[in-house]
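Worksheet: the structure to be examined is printed underneath.
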Amino acid sequence: MPSPAPTLAIDAREVAKTFRSGWFRPRLTEALRGVTLQVPRGAIVGLLGPNGAGKTTLLSILATLLIPDRGTARVLGLDVVRDSMALRRRLNMASGRPSFLWSLRVSEIIAFYGRLYGLSGVALRVRVDKLIEQYELKPYRRVPYSELSTGLKQRVALAKSLVNDPELLFLDEPTLGLDPDVSVRVRAHIAALRRERGMTIVLTTHYMREAEELCDEVAFIKAGRILDAGTPEALKRRIGLGDVIALRLEPAPPAWLGEAPGVLRCATADGWTKCTVDDAEKRLPDLLRQLFAEGVTVRNVRVREPELEEVFVELAR
Amino acid sequence: MSWRADLLAVWAVVVRNALMASRNVFFFFELLFWPIVGVISIGLMTRFLGITPAQASFVLIGTIALSVVNVCQLEVAYAVLMDVWSKSIKHQFLAPIGIRHLTVGSWLVGMVRGGALFTLLAALAWWAFDFRVLAAGPRAVAVFLLGCFLNAWIVGVFVCALITLFGNRAEAFAWASVNLVLVLAGIYYPVSVLPAPAAAFARAIPLTYFLDAYRSHFGFASEFAAPIATGLALSVVYAVVAHLTFYASVQRARRTGLLLKMSE
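Protein sequence lines correspond, in order, to chains A and B.
My numbering numbers the first residue of the first sequence as 6 and each following residue consecutively.
My numbering numbers the first residue of the second sequence as 30 and each following residue consecutively.
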């Protein structure tokens with residue numbers, strides 16, 4: 006009886022990687038210091054972190070491009086070192102700085118990789134045409150790669166990364182350097198991949214909005230370690246950033262406001278009293294009720310949820 | 030990996046290399062310009078020196094062999110070099126492709142280019158210098174070309190290994206390596222004229238034996254007892270060593286991260 010498919014697409018434990026540069030007096034750079042990461046099948050997970058945090062190194066180990074020094078990583082139930090060849094058939098990758106053979110045309114690039122993944126004849130032609138259509142590359146199918154714009158190169162990279170219909174897709178900064186309108190389209194494509202094909206996607210990004218929009222879970226990496234991981238909402242809560250309720254009050258805010266239940270801190274500036282609370286939806290009615298009871302007039306109210314960017318800044322400190 | 034998948038991966042590399050070759054002006058120079066210049070200049074030199082037709086054939090066989098080996102080994106080296114130049118090597122090694130697919134696919138294109146070059150240079154040598162390189166007969170020509178192509182595969186795979194071991198810095202080996210063969214394998218002179226230590230190195234190069242065997246059809250006494258068998262046996266040994274070296278250097282590049290650095 007065939008064994009059931011594992012529920013985790015990625016199960017990495019204590020993965021470590023140190024790079025050595027130089028032959029005679031090697032300089033050591035610890036890129037990963039024992040990273041543990043679990044990604045459920047069908048999820049979109051974002052790896053966030055400053056430059057040099059180890060995001061690309063982790064992605065490359067999971068994609069079998071790098072061999073870890075320590076730890077174990079199982080991807081789609083296979084070991085990334087022992088079963089690398091079998092694994093490569095089932096995953097793919099696109100990076101934000103794509104590069105392919107310069108004089109090959111768009112259709113030839115996709116066809117080349119298609120053949121490497123075992124496609125031929127009609128099946129190959131159909132797949133190439135479909136991807137060219139899907140990524141709006143039809144007018145460029147006979148254009149050499151070197152003559153494409155950055156955005157078009159990115160689309161070729163995405164098309165190539167889907168040529169084997171992978172179960173797991175790694176995207177290394179997929180919208181890096183793209184115009185905003187192209188980024189929006191690329192993000193829509195990524196969301197559609199999961200929605201329509203149930204593909205598991207792991208992406209690295211610097212753009213918090215991208216992570217918030219696309220990812221079920223995010224993991225923050227800094228200096229080769231995962232500092233925190235979870236849903237964007239849970240992370241915001243865990244970091245204690247809280248929601249901000251901004252109030253315009255008349256007369257001045259009462260002293261008890263800063264100590265009311267659920268209020269983390271309060272500060273007044275430019276006529277606005279900003280109270281950081283654990284949960285705005287839960288606390289706002291109580292605060293308003295109490296303020297009304299004390300005869301304080303509330304002229305204006307604004308509620309702002311913290312952004313993932315603030316979590317990033319907090320964790321990157 | 031199934032036979033079908035193996036063949037498809039090799040075919041992918043064949044198509045890629047052929048397309049790249051057809052669109053690069055430098056490939057034209059490699060295939061035609063330098064080899065033709067080589068045969069004409071060496072042929073004219075033999076006339077100027079007034080050497081015997083037999084001696085001229087000795088030198089011209091060496092010149093043609095060198096050109097064929099050079100063109101074919103460069104093509105094998107392109108298995109890695111083209112991806113290094115275009116910084117796309119990580120995509121190649123991300124796919125389910127073995128180094129055997131890369132080197133065999135490139136070698137097949139190299140053999141086509143080498144075969145075309147041999148035909149062209151043979152015609153040129155006949156027309157310009159009345160040297161009939163095909164006079165040894167089809168079987169001898171086939172064995173000679175097989176020897177040249179095997180040597181080219183070995184040199185090319187070693188170059189691939191050096192590039193994946195040292196990165197772009199090792200590119201020069203692709204063009205320099207064939208010169209080592211030129212000095213040691215008896216391209217322009219018999220191995221017997223080399224100093225003893227160099228002659229020992231020459232005896233370790235398979236091409237030496239294939240040249241010796243081919244020249245025996247043009248009236249030169251063979252310097253070795255069973256040159257073809259020895260050449261083939263040495264080629265097999267070197268081919269295995271070259272393949273394992275390339276495999277080890279790719280694994281090392283996966284450990285050191287050079288594979289990624291070469292894609293940045």
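We put the beta carbon where it would ideally sit given N, CA and C, even for glycine.
Rounded straight-line distance, which links the Cα of residue j to that of residue i
| i | j | result |
| --- | --- | --- |
| A:Met6 | A:Arg147 | Any reading at A:Met6 must be qualified, since the residue scores a pLDDT of 48, below 50, and its modelled position is unreliable; the value itself is stated next. Their Cα atoms are separated by approximately 48 Å. |
| A:Ala68 | A:Pro103 | 16 Å |
| A:Lys279 | A:Gly47 | 39 Å |
| A:Arg132 | B:Trp182 | 34 Å |
| B:Trp155 | B:Glu59 | 21 Å |
| A:Ala116 | A:Gly76 | 36 Å |
| A:Gly263 | A:Thr210 | 37 Å |
| B:Met140 | B:Leu179 | 10 Å |
| A:Glu214 | B:Phe55 | What sits at residue 214 of chain A in the sequence shown is Arg, not Glu. Those two C-alpha atoms are separated by around 47 Å. |
| B:Val88 | B:Arg76 | 12 Å |
| B:Val207 | B:Val100 | 10 Å |
| B:Phe195 | A:Arg243 | 46 Å |
| A:Arg253 | A:Val303 | 6 Å |
| B:Ala169 | B:Phe249 | 14 Å |
| A:Ala36 | A:Ile15 | 19 Å |
| A:Ser89 | A:Ser65 | 12 Å |
| B:Ser117 | B:Leu137 | 22 Å |
| B:Ile192 | B:Arg198 | 7 Å |
| B:Val44 | B:Ile80 | 45 Å |
| A:Ala239 | A:Ile231 | 16 Å |
| A:Ile250 | A:Gly300 | 19 Å |
| B:Arg33 | B:Trp40 | 10 Å |
| B:Ala258 | B:Tyr243 | 13 Å |
| A:Gly57 | A:Gly229 | 8 Å |
| A:Met98 | A:Ser26 | 26 Å |
| A:Val127 | B:Asp35 | 19 Å |
| A:Ile137 | A:Leu109 | 15 Å |
| A:Asp177 | B:Gly185 | 33 Å |
| B:Phe158 | B:Leu211 | 22 Å |
| B:Leu131 | A:Arg79 | 27 Å |
Where the alpha helix (DSSP H) through residue i begins and ends
| i | result |
| --- | --- |
| A:Lys165 | 155 to 166 |
| A:Ser65 | 60 to 67 |
| A:Glu299 | No alpha helix (DSSP H) contains A:Glu299, which DSSP labels as neither H nor E. |
| B:Lys119 | 118 to 123 |
| B:Met49 | 32 to 51 |
| A:Glu141 | Unbroken run through A:Glu141: none, as it is neither H nor E. |
| B:Pro64 | 63 to 78 |
| B:Ala258 | 256 to 285 |
Span of the beta strand (DSSP E) around residue i
| i | result |
| --- | --- |
| A:Asp177 | 173 to 177 |
| A:Asp170 | Element bounds for A:Asp170: n/a, residue is neither H nor E. |
| A:Ala78 | 75 to 80 |
| A:Val148 | Per DSSP, A:Val148 belongs to no beta strand (DSSP E) and is neither H nor E. |
| A:Ala99 | 96 to 100 |
Bridge partner(s) assigned by DSSP for residue i
| i | result |
| --- | --- |
| A:Asp88 | For A:Asp88, which the question treats as bridged, DSSP gives no partner whatsoever. |
| A:Thr209 | A:Leu52, A:Asp177 |
| B:Phe158 | BP columns for B:Phe158 are empty, so no partner. |
| A:Gly235 | A:Val223 |
| B:Ala165 | B:Ala165 is not bridged to any residue. |
| A:Val282 | A:Asp248, A:Val268 |
| A:Glu35 | A:Thr23 |
| A:Trp277 | A:Ala274 |
| A:Asp16 | A:Gln43, A:Arg79 |
Burial state of residue i, where buried means 16 or more other Cβ atoms lie within 10 Å
| i | result |
| --- | --- |
| A:Met204 | buried |
| B:Ala124 | buried |
| A:Lys22 | buried |
| B:Gln102 | buried |
| A:Arg120 | buried |
| B:Gln84 | exposed |
| B:Gln280 | exposed |
| B:Val133 | buried |
beta-carbon residue i near the ligand HEM non-hydrogen atom, thresh 7 Å
| i | result |
| --- | --- |
| B:Val270 | As far as ligands go, the structure on display features none, and thus does not contain the ligand HEM. |
Problem - Within 9 Å of chain A by C-beta, residues of the segment 262 to 288 of chain B in sequence order - result: Gln280, Arg283, Arg284, Thr285, Gly286, Leu288
Exercise for the section: Identify each residue in the segment 48 to 70 of chain B for which the Cβ-Cβ distance to at least one residue of chain A is less than 8 Å, and report them in chain order. Expected result: So the list reads Leu48, Met49, Arg52, Asn53, given in the order they occur along the chain.
Problem - Against chain A: residues of the segment 182 to 207 of chain B by CB proximity under 7 Å - result: none
Exercise for the section: Please name the residues in the segment 30 to 46 of chain B whose beta-carbon is closer than 8 Å to at least one beta-carbon of chain A, in chain order. Expected result: Against chain A - using a Cβ distance shorter than 8 Å - the residues of the segment 30 to 46 of chain B are Met30, Arg33, Ala34, Leu37, Ala38, Trp40, Ala41, Val44, Arg45.
Problem - Cβ-based contacts, 7 Å cut-off: residues of the segment 116 to 145 of chain A near chain B - result: Phe117, Tyr118, Arg120, Leu121, Tyr122, Gly123, Ser125
Exercise for the section: Residues of the segment 51 to 71 of chain A with a CB closer than 8 Å to any CB of chain B: list them in chain order, please. Expected result: Listed in sequence order: Thr61, Thr62, Ser65, Ala68, Thr69, Leu70, Leu71.
Exercise for the section: May I ask you to list, following chain order, the residues of the segment 120 to 131 of chain B that have a beta carbon less than 9 Å from some beta carbon of chain A? Expected result: His120, Gln121, Phe122, Leu123, Ala124, Pro125, Ile126, Gly127, His130
Practice task
Check distances from the C-beta atoms of the segment 103 to 114 of chain B to those of chain A and list, in chain order, the residues that come in under 9 Å.
Solution key: Met111, Asp112, Trp114
Problem - Residues from the segment 21 to 34 of chain A in contact with chain B, defined by Cβ distance under 9 Å - result: Look at the segment 21 to 34 of chain A: the residues with a C-beta under 9 Å from a C-beta of chain B are Lys22, Phe24, Arg25, Ser26.
Handout entry: Near-chain B residues of the segment 246 to 275 of chain A - C-beta to any C-beta below 7 Å
Key = Those would be none; no residue qualifies.
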